[in-house]
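**Student:** In the working numbering, the protein residues as written are 6 to 354. Every residue, glycine too, gets a C-beta built ideally from N, C-alpha and C. Structure below; questions to follow.
This is the structure we're talking about:
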């Protein structure tokens, strides 16, 4: 086995499904056979040329579930045949930021599928320290959700949401839906969501949203009605649109917090209301990736069914269809999550 099939994003808008060398397995690495890899909004941004274009050509894909098929000579805690997810944040492990588990600020950070070849392929090789070993009874379709759930775990921790605090979620796509669920687990009440798409709005209600508004005016009316006119304690932007960030600041109460999660384009900006932010003691904090303990916390939430996953696990496409999937409606219709598999989706579901 010297080559494998992989979907290489050779340029914005163009995948090439081709044979590439199987990655080498160093003494401290394991080789993981990819069983399933979710398509993330970040992958879509990369395909459209809005993010990380400087790293192309590259094999994207980072929401992976796989089986360890080979281990290096120094690997002792992981066994061949074991199921695994991967912490995608490859950093030095020694600097100021790594010691604080702020890996994205490490000067040598390279994320799997974004800054280095990822999991839209048959195999991926990773250092053993990045592997999150999974229970044998955990289905691959749940295991592939560990990474995206971990991202929201970290954002929820950083937002400091407490029991009985009111929350606004702007956008109820895959990540917005998970935000609704984890805010509810954290005790937030009420939770008001902005989502115009009827299907996603209904899924948000099923996930725990108390009110789903179809437009900004309705959202502001509802959050003020439910908070005696104050506004929300926390607002989470999940889309990456400057106008929604403006809405997030408008939706919070004096002393409230905006959680910045959606990836906006490099040139997209909105002026921060500086005087209002100072006088009202409002705050803004960004969060985009799960890492370290966030991954293990996400694994526990999924293993013990604390997260509703029916809308995330039902659709998979063969890797040979990846170009048409990204070009068409496959990623926006039906379920919240679409996964890539190497062969017949029914055999890998």
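With residue 52 as the anchor, note down where its alpha helix (DSSP H) starts and where it stops.
**Tutor:** Segment 46-52, the alpha helix (DSSP H) holding residue 52.
**Student:** Does the beta-carbon distance from residue 247 to residue 274 come in below 8 angstroms?
**Tutor:** Yes, these two residues count as a Cβ contact at 8 angstroms.
**Student:** Just how far apart, CA to CA, sit residue 92 and residue 233?
**Tutor:** About 42 angstroms.
**Student:** Exposed or buried, which one is residue 8 when buried takes at least 16 other CB atoms within 10 Å?
**Tutor:** Exposed.
**Student:** Give me the DSSP bridge partner(s) of residue 291.
**Tutor:** Its beta-bridge partners are 265.
**Student:** Decide yes or no for the touch test of the segment 207-222 against the segment 158-167: beta carbon pairs closer than 8 angstroms, at least 3 of them.
**Tutor:** Cβ pair count under 8 angstroms is below three, so no.
**Student:** Judging by CA-CA distance, which residue of 187, 79, 58 and 101 is the nearest neighbour of residue 270?
**Tutor:** Comparing Cα-Cα distances from residue 270 to each of 187, 79, 58 and 101, the minimum goes to 58.
**Student:** Which stretch, first to last residue, makes up the alpha helix (DSSP H) that contains residue 304?
**Tutor:** That run of the alpha helix (DSSP H) goes 298-308.
**Student:** In this structure, how does DSSP classify residue 103 when only helix, strand and coil are distinguished?
**Tutor:** Note: residue 103 maps to helix in three-state DSSP.
**Student:** Which term fits residue 181, buried or exposed, when burial requires 16 or more other beta carbons within 10 angstroms of its beta carbon?
**Tutor:** Classification of residue 181: buried, given that the 10 Å Cβ count is 16 or more.
**Student:** To the nearest angstrom, report how far apart residue 38 and residue 76 are at their CA atoms.
**Tutor:** So the alpha carbons of these two residues sit roughly 12 angstroms apart.
**Student:** For residue 201 and residue 30, what's the separation of their Cα atoms in angstroms?
**Tutor:** Each residue's alpha carbon lies about 47 angstroms from the other.
**Student:** Evaluate residue 146 with the Cβ neighbour count: other Cβ atoms within 10 Å of its Cβ, from every protein chain shown; 16 or more gives buried, anything less gives exposed.
**Tutor:** Flag for residue 146 reads buried.
**Student:** Any Cβ of chain C within less than 8 angstroms of the Cβ of residue 331?
**Tutor:** This model lacks chain C altogether; it includes just one protein chain.
**Student:** Report buried or exposed for residue 32, applying the criterion of at least 16 other Cβ atoms within 10 angstroms of its Cβ.
**Tutor:** Result: exposed.
**Student:** Classify residue 352 as buried or exposed, calling it buried when 16 or more other Cβ atoms lie within 10 Å of its own Cβ.
**Tutor:** With a pLDDT of only 42 at residue 352, under 50, the local geometry of the prediction cannot be trusted, and the value read off the model is given with reservation. Residue 352 should be labelled exposed.
**Student:** Nearest-angstrom Cα distance between residue 23 and residue 53?
**Tutor:** C-alpha separation (whole angstroms): 20 angstroms.
**Student:** In terms of alpha-carbon separation, which member of 315, 49 and 14 lies closest to residue 183?
**Tutor:** Closest option to residue 183, Cα to Cα, is 315.
**Student:** Could you check whether the segment 280-288 touches the segment 250-265, counting it as contact only if at least three pairs of C-beta atoms, one from each stretch, sit closer than 8 angstroms?
**Tutor:** With the cut-off at 8 angstroms, the segment 280-288 and the segment 250-265 touch.
**Student:** Use the C-beta contact count for residue 169: other C-beta atoms within 10 angstroms, 16 or more gives buried, fewer gives exposed.
**Tutor:** Result: exposed.
**Student:** May I ask you to list the residues that DSSP assigns as paired with residue 252?
**Tutor:** None; residue 252 has no bridge partner.
**Student:** Decide yes or no for the touch test of the segment 324-331 against the segment 196-211: beta carbon pairs closer than 8 angstroms, at least 3 of them.
**Tutor:** Because the criterion of three Cβ pairs below 8 angstroms is not met, the segment 324-331 and the segment 196-211 do not touch.
**Student:** Do three or more CB pairs link the segment 137-144 to the segment 83-90 at distances below 8 angstroms?
**Tutor:** Touching, yes.
**Student:** Cα separation between residue 294 and residue 65?
**Tutor:** Residue 294 and residue 65: Cα-Cα distance of roughly 16 angstroms.
**Student:** Is it true that the CB of residue 173 sits closer than 8 angstroms to the CB of residue 5?
**Tutor:** Outside the modelled stretch of the chain, which goes from 6 to 354, sits residue 5, for which no answer is possible.
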